[in-house]
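Chains as they are written, first to last, in this note's numbering: chain A, 609 to 865; chain B, 29 to 284.
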């Protein structure tokens, strides 16, 4: 009851504040124009398919590469030091660089080298760039999952005669991956949104489509259509994450797996 | 209780001059121990006396600092020994069960026979079911470990170790994490194994059980075996003051 009342008051104040602003009428015309909204929505949705393809292909590659990186970083012993070092440098580098920079460098730089046989398709380099960036983040999620499995599980597996890779594959990883599903989904939400960055290297996705329309009409309303598409696809995913987290918490409280 | 350990039986395990420390903490300081086939040896001693560390060293879960460990004539502490191969023949059961929580009971038991010994899924599962049946766990085969009581979990852990047909079974305080009313069912399983001639080294705080089941009791103190002998003698007339003090504390705590 209190929540309802305070929510109504807060939203009412916001509405008053915004619609009372001196530039409200201009903003309404250039950002919230129904004509341009409905005019651009079908095209924006049609080009969202490009983002979906990007997302789906990159996602599979990210899951694989991220896992490989995480396993490489958790290899024990001095013999594997160079491997761990390289994997660590990779992860640090791609987490440090702004994503749009990686996309620029790969999308313009590599085709720009003009080497015969090197593909120039910006879609391809967009997939590569997103995979490189996000596998660094995802490998850290996996690694946290691996570290969260108690060493006694590995000891139990090894004591039965399983080799180190077998213990990892059959005992540690299945438990680790299960634990990190919610944070992985969070990263996917980020990836979904970051697919618009590829419009910078000439992939005509939904964002680029909106840009083209805006340039033709001098009206910003098409971006509203883009925002709507992302809200519609992201919200359910965010709710699923919340649900998974709540379920894991309930299980942990019950002392279950 | 058991009399399988004839004096002429072959050596199952020989430990000579075993040293192990964790940083500055010296845990094992020149441990010597010989266990013959079919013998049941109980390790007793205060917490921190090195019982668990000794067992973990025998299973090569800990790297040793000095000394030799020989199992069935093979020096397993030598460099370049295939650790995975050695472990197939040495089973260990832990205080905290350490079952794999993401696998059903039958999969816990059949995992190593399948992946290590290369048995087919059908054969490994059939054998696992037969073993579970033998220890009264058949109806739990399809359950996940978190649906089982502590006593049942520990019995599954023992069955899991047995599925590899070990020549030597190490039991590391396997009843310490159990509620008192669940201890008996686990001890009964161990009694049955002893009766069947399984060679076992048992670290335990259950003195009554040790007296009952052991062919030999070793009292660990300060990282070595201070005194060893038949249970009757160790518990009735210990020769060392430290042993006597330890047993008096145990009696005072109502554990004997």
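Built from N, CA and C at the ideal position, the CB exists for glycine as well.
A straight-line Cα-Cα distance of about 29 angstroms links residue 176 (chain B) and residue 750 (chain A).
Secondary-structure assignment with DSSP links residue 244 (chain B) through a beta bridge to B:69. Counting only unbroken stretches of 4 or more residues, the alpha helix (DSSP H) elements lying wholly within the segment 785 to 831 of chain A are 789 to 802, 814 to 825, in sequence order. At a cut-off of 7 angstroms, the C-beta of residue 779 (chain A) has a neighbouring C-beta in chain B.
Taking residue 214 (chain B) as reference, the option from B:234, B:225, B:136, B:227 with the minimal CA-CA separation is B:234. Distances from the alpha-carbon of residue 743 (chain A) to those of A:695, A:708, A:775 put A:695 closest. With a 10 Å radius around the Cβ and a threshold of 16 neighbouring Cβ atoms, residue 741 (chain A) comes out buried. When only Cα atoms are considered, residue 806 (chain A) and residue 746 (chain A) end up about 20 angstroms apart. Residue nearest to residue 766 (chain A) within the set B:186, B:116, B:195, B:83 is B:116 (criterion: CA-CA distance). Excluding its 5 nearest sequence neighbours in each direction, residue 58 (chain B) has C-beta neighbours in its own chain below 8 angstroms: 45, 46, 47, 95, 251, 252, listed in chain order. In this structure the segment 773 to 781 of chain A does not touch the segment 118 to 127 of chain B; the number of beta carbon pairs closer than 8 angstroms is below three.
Counting only residues of its own chain and dropping the five nearest sequence neighbours on each side, residue 141 (chain B) has a CB closer than 6 angstroms to the CB of 147, 152, 191. Residue contact check for residue 858 (chain A) against chain B: no CB pair falls below 7 angstroms.
The Cβ-Cβ distance between residue 72 (chain B) and residue 242 (chain B) does not fall below 7 angstroms.
DSSP places residue 755 (chain A) within a helical segment (H, G or I) once states are collapsed to three. In the structure shown, the three-state DSSP call for residue 177 (chain B) is coil. Note on geometry: alpha-carbon atoms of residue 89 (chain B) and residue 134 (chain B) lie some 25 angstroms from one another. Using a Cβ-Cβ cut-off of 7 angstroms, residue 756 (chain A) does not count as an interface residue toward chain B, since no Cβ of chain B sits closer than that to its own. A residue is called buried once 16 or more other Cβ atoms fall within 10 Å of its Cβ, and residue 275 (chain B) is buried on that count.
In this structure, the straight-line span from the alpha carbon of residue 840 (chain A) to that of residue 794 (chain A) is close to 16 angstroms.
For residue 198 (chain B), the three-state secondary structure derived from DSSP is strand. Beta bridge pairing from DSSP links residue 123 (chain B) with no other residue. Neighbourhood of residue 260 (chain B) in chain A, by CB distance below 7 angstroms: empty, with the nearest CB roughly 33 angstroms away. Boundaries of the alpha helix (DSSP H) harbouring residue 135 (chain B): 133 to 143, taken from the DSSP string. Scanning chain B for C-beta atoms nearer than 9 angstroms to the C-beta of residue 782 (chain A) yields 128, 130, 131, reported in chain order.
At a cut-off of 7 angstroms, the C-beta of residue 715 (chain A) has no neighbouring C-beta in chain B.
Comparing alpha-carbon positions, the option among B:209, B:229, B:216 lying closest to residue 201 (chain B) turns out to be B:229. In terms of beta-carbon proximity, residue 614 (chain A) stays away from the interface with chain B, with every pair separated by 7 angstroms or more. Only residues of its own chain outside the window of five on either side were considered, and among them 127, 129, 181 have a CB closer than 6 angstroms to the CB of residue 173 (chain B), listed in chain order. For residue 637 (chain A), same chain residues with a beta-carbon under 7 angstroms away, outside a window of 5 residues either side, do not exist. Chain A places no beta carbon closer than 7 angstroms to that of residue 137 (chain B), leaving this residue out of the contacts. In the displayed model, residue 47 (chain B) falls within a strand according to three-state DSSP. Within the segment 188 to 201 of chain B, 188, 189, 192 place their CB atoms closer than 8 angstroms to a CB of chain A, listed in sequence order. In chain order, 829, 830, 832, 833 place their CB closer than 8 angstroms to the CB of residue 645 (chain A), counting only its own chain and leaving out the 5 sequence neighbours on each side. For residue 103 (chain B), the secondary structure class from DSSP, reduced to helix, strand or coil, is strand.
Residue 255 (chain B) and residue 77 (chain B) have their C-alpha atoms spaced approximately 13 angstroms apart.
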